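**Q** Reading the sequence shown from the start, the letters are residues -18 to 430 in the numbering used here. Glycine is no exception: its CB is placed at the ideal position from the N, C-alpha and C atoms. For clarity, every value in this text was computed on a predicted model and none was experimentally measured. So that we are looking at the same thing, I have put the structure below in structure tokens.
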Amino acid sequence: MSNYSLDFSSEEDFRPLAAKMRPTTIEQYIGQTHILGEGKPLRKALKAGQIHSMILWGPPGTGKTTLAEVAANYANAEVERVSAVTSGVKDIRAAIDRARENKLAGRRTILFVDEVHRFNKSQQDAFLPHIEDGTVTFIGATTENPSFELNNALLSRARVYKLTSLSTQEVMNALNEAMTDPLRGLGKITARFHENVIERLAELVNGDARMSLNYLELLYDMAEEDEQGVKQITLPLLAEVAGEKVSRFDNKGDIWYDLISAVHKSIRGSNPDGALYWSARMITAGCDPLYIARRLLAIASEDIGNADPRAMQVAMDAWDCFTRIGPAEGERAIAQAVVYLACAPKSNAVYTAWKQALDDARNLPEYEVPHHLRNAPTSLMKDMGYGAEYRYAHDEPGAYAAGERYLPPEMSQTRYYMPTNRGLETKIGEKLDYLASLDAKSLQKRYEK
């Protein structure tokens, strides 16, 4: 018999509410309609009892474990559960041994591996032969991007399904079902929900159905009864139970990079409101404000550059301000820098020029430094022509040596920096065009005889 019990008929069930309410059919399953909606291939396969190896990737509380149980239910399969957090080699071997026994008896086994990304590469490889020979159908659950955390060999043998956070309405549906179900849920208990408690609860869990049910159970446990024995569940009680709003922030996981990407793209898109909101999301979720400060310095160089050179100084000042006065006022300085960078004129001309220069330095031949640009600290080097015919700019009209070249002859026509017509770069572009006109008129053109 499976070590996953799907029997909810026990008279005394001390499991958490979230476990009691776990669906056993697709009809009971809430959310993920993009893969389980009517007509979807996975829904059809599960209903037909057909199951294949898969990776379920999504945030906490989105139904990964539940979907594995539902699949096992339809396939009439035994389930062996392994957790990368708590299971050792002995547990894995025992699960495989039971799967072999099931195979000999003509029974199918699903090996459900929770937090599969926590297994190292060699541990992940250990599952491959058992998937290959049909001993197990592999279902792995992960909150991390499989592309980065799982072996290619494992990914090639399992279909990846991306599970998304539940909407507020879907969380409310799960809560309402738990409140009205008299067998699995809290339907036998009379309670009155004041104001918008359910809506607020659904909002604060960020799409995590399991968390919402855990909070709901706590609300019922802690609520006081009125004279008629009705539990009174209020917003103050919810605040006491849930505390500050829960943020799903995984520190260097997908959500981390999604948030910082949103900050960066909002600034690049000259939208201070979006930039402020996503920055605030990171701060309230526990991100080190100095991480944002460092990113602002990078953005100032990459996306603003010489269109507004002050942007880099503003970002640096915000960093310095935070380190001097601390979070309370320092975060405001970072917010000021966020707004300044978002509103500043944009240019990636320096960024693009530097990338091209690096590419040429790596891939073109290593041309020699022209003699007129070489250092000549000794008489021998001067005799060898080092520094010959160098034109000292300060001795030239307007401190510009018209017609001079500063690249190797083979690259004399190369131009990396192409200023935009935005911000200060408008003036920079005008100056470079003027200098180019002086070059064109010069009678001392380098490399031209």
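Can you tell me whether DSSP reads V244 as helix, strand or coil?
**A** helix
**Q** Provide the residue span of the beta strand (DSSP E) that contains F119, from first to last.
**A** T118 to T123
**Q** Could you check which residue in R165, A155, N101 and T124 has the C-alpha nearest to that of L135?
**A** N101
**Q** Per DSSP, V141 forms a beta bridge with which residues?
**A** I36.
**Q** Should R81 be flagged as near chain C, meaning a C-beta pair shorter than 8 Å?
**A** In the structure shown, chain C cannot be found, because there is only a single protein chain.
**Q** Return the Cβ separation of A76 and V63 in integer angstroms, given the expectation that the two are a contact with Cβ distance under 8 Å.
**A** 6 Å
**Q** Return the CA-CA distance between R88 and V51, expressed in angstroms with no decimal places.
**A** Within the model, the alpha-carbon separation for R88 versus V51 is close to 17 Å.
**Q** Over the uninterrupted alpha helix (DSSP H) stretch that includes R62, give me the two end residues.
**A** Careful: R62 lies outside any alpha helix (DSSP H), inside the beta strand (DSSP E) at E59 to S64.
**Q** Check each candidate in G368, L109 and G39 and name the one with the smallest Cα separation from I73.
**A** Ranking G368, L109 and G39 by Cα distance to I73 puts L109 first.
**Q** Here's a check: name, in chain order, each residue in its chain whose Cβ is nearer than 6 Å to the Cβ of K426, leaving out the five neighbours to either side.
**A** Once the five neighbours on either side are set aside, the close Cβ partners of K426 are G384.
**Q** If K169 sits next to G39, beta carbons under 8 Å apart, how far is it from one beta carbon to the other, in whole angstroms?
**A** In fact, because the Cβ distance is near 32 Å, the residues do not count as touching under 8 Å.
**Q** So, helix, strand or coil for E198, using DSSP?
**A** helix
**Q** Can you grab the Cα-Cα spacing for the pair S328 / T401, in whole Å?
**A** 6 Å
**Q** Using the rule of at least 16 other Cβ atoms within 10 Å of the residue's Cβ for burial, across every protein chain shown, is A338 buried or exposed?
**A** exposed
**Q** Taking only the alpha-carbon atoms, compute the straight-line gap between P127 and A49 and give it to the nearest angstrom.
**A** 17 Å
**Q** Give the secondary structure of M160 by DSSP, where H, G and I count as helix, E and B as strand, and everything else as coil.
**A** helix
**Q** Locate the alpha helix (DSSP H) running through L92, then write down its first and last residues.
**A** Per DSSP, L92 belongs to no alpha helix (DSSP H); it is in the beta strand (DSSP E), T90 to D95.
**Q** Please go through the same chain and pick out, in chain order, the residues whose beta-carbon is closer than 6 Å to the beta-carbon of I214, but skip the five residues on each side of it.
**A** A172, F174, V178, L200 and A204
**Q** My output table needs one value for R435: the three-state DSSP class, helix, strand or coil.
**A** No statement about residue 435 is possible, as the shown extent of the chain runs from -18 to 430 and does not include it.
**Q** My guess is that E406 and A330 are in contact by the Cβ rule of under 8 Å, so how many angstroms apart are they, rounded?
**A** 6 Å
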